[in-house]
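Protein chains in written order, with our numbering: chain A, 1 to 281; chain B, 282 to 562. C-beta atoms are modelled at their ideal positions from N, C-alpha and C, and glycine is treated no differently.
There are 2 protein chains.
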Amino acid sequence: MYDCIIIGSGPGGLSAALNLKTYRKDFIWFGSKDLSDKVMKAEKIANYPGLPEMSGTKFLERLQAHMENAGLEITEKTVTNVVYSGGRFMVLADNEFYEAKTVILAIGVVAAKLMEGEERLLGKGVSYCATCDGMLYAGKRIAVVCNAPKFEHEVEYLADLASEVLYYPTFESRVERENVTISRDVPTKIQGEKRVTSVTLQSKTTVPVDGVFCLRNAIVPTKLIPGIRVEDAHVVVDRQMATNLPGCFAAGDCTGRPYQFAKAVGEGNVAAHGVISFLAT
Amino acid sequence: MYDCIIIGSGPGGLSAALNLKTYRKDFIWFGSKDLSDKVMKAEKIANYPGLPEMSGTKFLERLQAHMENAGLEITEKTVTNVVYSGGRFMVLADNEFYEAKTVILAIGVVAAKLMEGEERLLGKGVSYCATCDGMLYAGKRIAVVCNAPKFEHEVEYLADLASEVLYYPTFESRVERENVTISRDVPTKIQGEKRVTSVTLQSKTTVPVDGVFCLRNAIVPTKLIPGIRVEDAHVVVDRQMATNLPGCFAAGDCTGRPYQFAKAVGEGNVAAHGVISFLAT
């Protein structure tokens, strides 16, 4: 059982990881080796003390260099569920279970609105994880919505399995596959009773599909970890970054505005210290 | 009337200033051009994301470079009083009044315990500001306690005025004056009924003095700004870094543990955004 599991590799997650490493805690850190699309896309960062005006990519290079310097390792798996039970956390990442005494949520914030029907049909044809559920759609026709280039390898993985992929990225895609149709249209509604049957687009077209994969930078907290207290889609935390679940802390954009790197970094630090205190009691 | 007055030039104050500058707010920033003794004295900082392992002096250089790059200016005055009245703040700095709609307290934390009698005799021979009260002790004998080299110019200023200065620094002093006696002893108690009459040292010696100057890195919040809500000597803030006084925000060590640069930076950012929202309403 780990002392802590950190979910998310943005500035908040990195800040937490640096502190847990210093305190020699036994932790695993789930995220992306690219750390954060949001950082990468930032045009100019002028208000992070110590690093005067730099581009998002430059800032990201600094964070990555620090991570390597500190000997931190990221486990590139997608966390889809966290269950709090019996005073410990069971974390499901790419269909494998990991157990920990504490958890730090640095999961970012879902900017886009969910599609109509998405919540209702989650687990019934709607999936947030290609690695977890891709096999279920072998030889089938699926829709994939995606808001970050870092998930394109998951799209390719799905294309290896599915017979046909209707792909709706929010950016310039690099995927080139015979069975992948890229569209700039935007899925707005998912239909189906017991299971997904079709998806309706902004253009009012409805296309029959067997499943819908939503590959997004962030996940709604209440979907990730049932029982967590939220307010306006943000995780409610106290000044120690503790959530309502004992041992569960949060940091960064998922806890609310302002959505700022400096805030995320500060909160990641405090959350890590919260974990350290919690483990000591 | 300023939009905001920032008190304190540690990482929290700098972070706040960077953000108010970006938003083109009309603010004045009180502190030291050396920014922060606490940063300077840090042996190694390993957990500030983006700047792998560096000494406090190196980190300080980074902060100063950023400050200059951003065109920020520090006003080197000591704030001794903040009065909230009629929806605005009157800030007393080196005996001059400054008026503002909002205030950000980034005043650090008082690590040392106050001396016995210090609180009772404040304004009755006990002073926190050489520039403000030095003239009152022309030709007299005073004691000076000091915990940061940056205040040594104030000690020299006092030596110009007083006939005799009993000086108790907590560090290696560079002051060389005929009328200054440097001692490693530690004042623990101040005596006097209506006014200061003497000070007692750890060595049990009691020396008669007319006044006691306490030149410290931080000031007790309730002494600085009457009516502010504190808990265990820390300013009580909500998640927006707002205090109980409308328009008064706080950031950094003064709001509580962990005493970390990353936390201070994050809170300075959030406090500035709180100020910006407050001014907009």
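- When Cβ pairs closer than 8 angstroms are counted between the two stretches, the region 484 to 499 of chain B is seen not to touch the region 339 to 355 of chain B, the count staying below three.
- Within 10 angstroms of the beta-carbon of R229(A) lie fewer than 16 other beta-carbons, which makes it exposed.
- Interface annotation, F151(A): not in contact with chain B, CB-CB separation never under 8 angstroms.
- Close to T383(B), with beta-carbon spacing below 9 angstroms, lies no residue of chain A; the smallest spacing is near 16 angstroms.
- The beta-carbon of P52(A) is placed less than 8 angstroms from the nearest beta-carbon of chain B.
- Here E399(B) is buried. Its C-beta has 16 or more other C-beta atoms within 10 Å.
- Using a CB distance below 9 angstroms, the part of the region 254 to 267 of chain A facing chain B consists of T255, G256, R257, P258, Q260, F261, A262, K263, A264, V265, G266, E267, ordered along the chain.
- Beyond the five residues adjoining it in sequence on each side, Y2(A) comes within less than 6 angstroms, by CB distance, of D26, F27, I28, A100 in the same chain, given in chain order.
- Residues G337 of the same chain have their beta carbon placed closer than 8 angstroms to that of K322(B), with the five preceding and five following residues left out of the count.
- With at least 16 other beta carbons inside 10 angstroms of its own, Q260(A) counts as buried.
- Excluding its 5 nearest sequence neighbours in each direction, A298(B) has C-beta neighbours in its own chain below 6 angstroms: I287, W310, L353, listed in chain order.
- Taking a 10 Å sphere around the C-beta of K319(B), we find 16 or more other C-beta atoms and assign the residue as buried.
- Closest option to L316(B), judged by alpha-carbon separation, among H347(B), N300(B), Y329(B): H347(B).
- The Cβ-Cβ distance between A419(B) and E435(B) does not fall below 8 angstroms.
- DSSP places Q472(B) in the uninterrupted beta strand (DSSP E) bounded by 468 to 472.
- For V91(A), the secondary structure class from DSSP, reduced to helix, strand or coil, is strand.
- Assignment of beta strand (DSSP E) within the region 19 to 59 of chain A, counting only whole runs of 3 or more residues, yields 27 to 30 in chain order.
- Annotation: H515(B) to K124(A) spans about 50 angstroms, alpha carbon to alpha carbon.
- The beta carbon of V511(B) sits no closer than 8 angstroms to any beta carbon of chain A.
- Nearest CB-CB separation between A250(A) and chain B: not below the 8 angstroms threshold.
- Annotation: R465(B) to F59(A) spans about 46 angstroms, alpha carbon to alpha carbon.
- Beta-bridge analysis with DSSP links S173(A) to no other residue.
- Within the DSSP secondary-structure output, N362(B) pairs in a beta bridge with L373(B).
- Out of A443(B), D441(B), Y438(B), V461(B), the CA that lies nearest to the CA of Y449(B) is found in V461(B).
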